Amino acid sequence: MAEVPRITVVTCLRDEGPYLVDWVAHLRSIGVGQILAFTNDCRDGTANLVDALAPAGVVHVPQGDILARDGKPPQWRAMAAAWNHPACTGADWLSHLDADEYVAMTGHATLTGLIREMSDAQAIALPWRLFGCAGRLEAGQGATPARFDRAAPAGLAYPALASFFKTLFRRDGPFTGFGIHRPQQSEPPVFMDDTGARDDGLARAAKRILLWRNGQEPAGRKLQLNHYSTRSVHEFLVKRGRGLPNHTDKTVGLEYWVERNFNETRCIMIQPQLPALAAEASRLRALPGVADAEAAARTWYDAELKRILASPEGARLCGRLVLAAGSHAPSPGLGRALLDLYARAQGAAK
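Positions 1 to 350 (UniProt numbering) are the ones given, in order, by the sequence shown.
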C-alpha cells in the first residue's frame, strides 16, 4: 500500500479566532497533517487558540507587529520564514492557504486520493471560487462553508481575481521558496490544473496566478478552493479592521466587497465533506483550552461589531454593503473586453 503523503499548510492569521477551529478541522479531515500558523498583532486571542490547537498538529510562530523593521508585509515575511521551517522541510506536499479558503473536491474525500490520481504532478492548481454573503446581514451559527453556498458562476472572466488560484506542490519539486499563490520555481514543474490535465503553459509562466478559462465553465473539475472572503455583512465589517496581510497599505472597503460578493449560483461541491469537518471540529473543541479560547474570540468579535456599528462610518458602510447586495457576472465577451481595457490602460500608464 502506498504511503500517505505528509501535507503541510502554511497560513497567516490575524483576528481569525471565530473561524479557526472549523478551518483547522476542515484541513485535518482532508488529510493535512500539520498547519504552520504565523500570527501578528492578534486582538481577539487567536494566538492563544493556535497554541491550544498544538495537539492537532498546529505549529505556532508569533510574528509580533504587523510591519517589522524591514517594512515587509507579514505574509511575505511568513513565506520567507516558512520554507526552511521543520514543518515544511519534513513534508511531502505544501500549500499556502488563508483561513477563508476551503478545498472542495469531487470523487475524493481527502487530498491523498487526489494526489495519487495525479501521480505525475509536481504542482496542482487550486482555483478560487468566489462565495458571497448569501444575503446574510448577521453571522449566524455554524461553520463558514455550511452557512454560505452562493457563489460566482464557474469560469467567471471578470474580475480577474475570480480566476486566481493557490497551489498544492511537492516539496522535492523544482521549487526554491513559497509565493502567495504559487511557489517560486527554478524550472517548469509538471503542473496540473483543476481537471487533472497537464498545463505546460502554466508551468512555464512562473508568475501567472490565474487560470484563463475565457469565461467558460471547466469540464470535469475535480477540485476548487472555495474563497469566503466576504462572509456576512457584519463579519465583513469586523474583517476590515484586520487589513490585508500582503498589502497593508490597501483599505478593505466597498470596492473589495463588490469584487467578491457574488451570489448568482448555488455551489454545493463541498457539502459531502461537511460531516467529516463537523466531527473533527467537535474533537478539537474537546482539547484543553480550545473551547474557552474560541469563546473568548467570539466575545471580542461581538464587542468589536458593536463598536463599529456605533460609529457613523461603520453604520454608513453597513447600509451601503446591504445596498450592494450582490455583484453580477458580466457576459464572457464583456468580461474579456473589460480585462483587455484594463490591460491597455496599465500598459499606457507605464
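Backbone N, C-alpha and C define an ideal beta-carbon position, used for all residues, glycine too.
Values in this document were obtained by computation on a predicted structure and should not be read as measured data.
Round the Cβ separation of L211 and S163 to the nearest angstrom and send it over; I've been treating them as touching at under 8 Å. Rounded, the Cβ-Cβ distance is 5 Å, consistent with contact.
Starting from P127, trace the beta strand (DSSP E) in both directions and tell me its first and last residue. DSSP places P127 inside the beta strand (DSSP E), whose first and last residues are 123-130.
Please report the distance separating the alpha-carbon of L20 from that of Y102. Roughly 12 Å separates the two Cα atoms.
What residue range does the beta strand (DSSP E) around E187 cover? That residue, E187, is in no beta strand (DSSP E); it is neither H nor E in DSSP.
So, is H328 buried or exposed, given that buried needs 16 or more other C-beta atoms within 10 angstroms? Residue burial annotation: H328 is exposed, with fewer than 16 other C-beta atoms found within 10 angstroms of its C-beta.
What do you get for S232, buried or exposed, if any count of 16 or more other CB atoms within 10 angstroms of its CB means buried? It is buried - the Cβ of S232 has at least 16 other Cβ atoms within 10 Å.
Taking the C-alpha atoms as reference points, what is the distance between N84 and R6? The alpha-carbon atoms of N84 and R6 are separated by roughly 16 Å.
Applying the 10 Å Cβ sphere with the 16-neighbour rule, what's the burial state of A91? Within a 10 Å sphere around the beta-carbon of A91 sit 16 or more other beta-carbons, which makes this residue buried.
With a 10 Å radius around its C-beta and 16 neighbouring C-beta atoms as the bar for buried, classify D44 as buried or exposed. Result: buried.
Can at least three beta-carbon pairs, one atom from the segment 293-309 and one from the segment 218-227, be found at a separation below 8 Å? These segments do not touch.
Residues that R204 bridges to, as DSSP identifies them: Looking at the DSSP assignment, R204 forms no beta bridge with any residue, so it has no partner.
Through-space distance from T39 to D51, alpha-carbon basis: Their Cα atoms are separated by approximately 11 Å.
Contacts around M1, its chain only, beta-carbon distance under 7 Å, and the 5 residues preceding and following it disregarded: With a pLDDT of 44 at M1, under the threshold of 50, the predicted position of this residue should be treated as unreliable, though the coordinate-derived value follows. If we look at M1 and ignore the five residues flanking it on each side, it has no Cβ neighbours.
Report yes if the CB atom of G173 is closer than 8 Å to the CB atom of E217, and no otherwise. Going by C-beta atoms, G173 is not nearer than 8 Å to E217.
Cβ neighbours of R336 in the same chain (closer than 6 Å, five flanking residues each side left out): Take R336, set aside five residues on each side of it, and the residues of its chain with a beta-carbon closer than 6 Å to its own are A157, in chain order.
Mind checking S186: buried by the 16 CB within 10 Å criterion, or exposed? With fewer than 16 other CB atoms across the displayed protein chains lying within 10 angstroms of its CB, S186 is exposed.
Would you grab the beta carbon distance between L277 and D22 for me? Rounded to a whole angstrom, and I think it's under 8 Å. About 7 Å; that satisfies the 8 Å criterion.
Can at least three beta-carbon pairs, one atom from the segment 138-147 and one from the segment 198-212, be found at a separation below 8 Å? Judged by Cβ distances under 8 Å, the segment 138-147 makes no contact with the segment 198-212, as fewer than three pairs qualify.
Secondary structure at residue 357, three-state DSSP: helix, strand or coil? Missing from the structure shown is residue 357; the chain here goes from 1 to 350 and no further.
Would you mind working out which of Q63, P86, C88 sits nearest W76, comparing C-alpha positions? Closest option to W76, judged by alpha-carbon separation, among Q63, P86, C88: Q63.
If you drop the 5 nearest sequence neighbours on each side, which residues of the same chain put their C-beta closer than 7 Å to that of A87? The beta carbon of A87 sits closer than 7 Å to the beta carbons of T8, Q34, L36, V59 from its chain, once the five residues preceding and following it are set aside; these are given in chain order.
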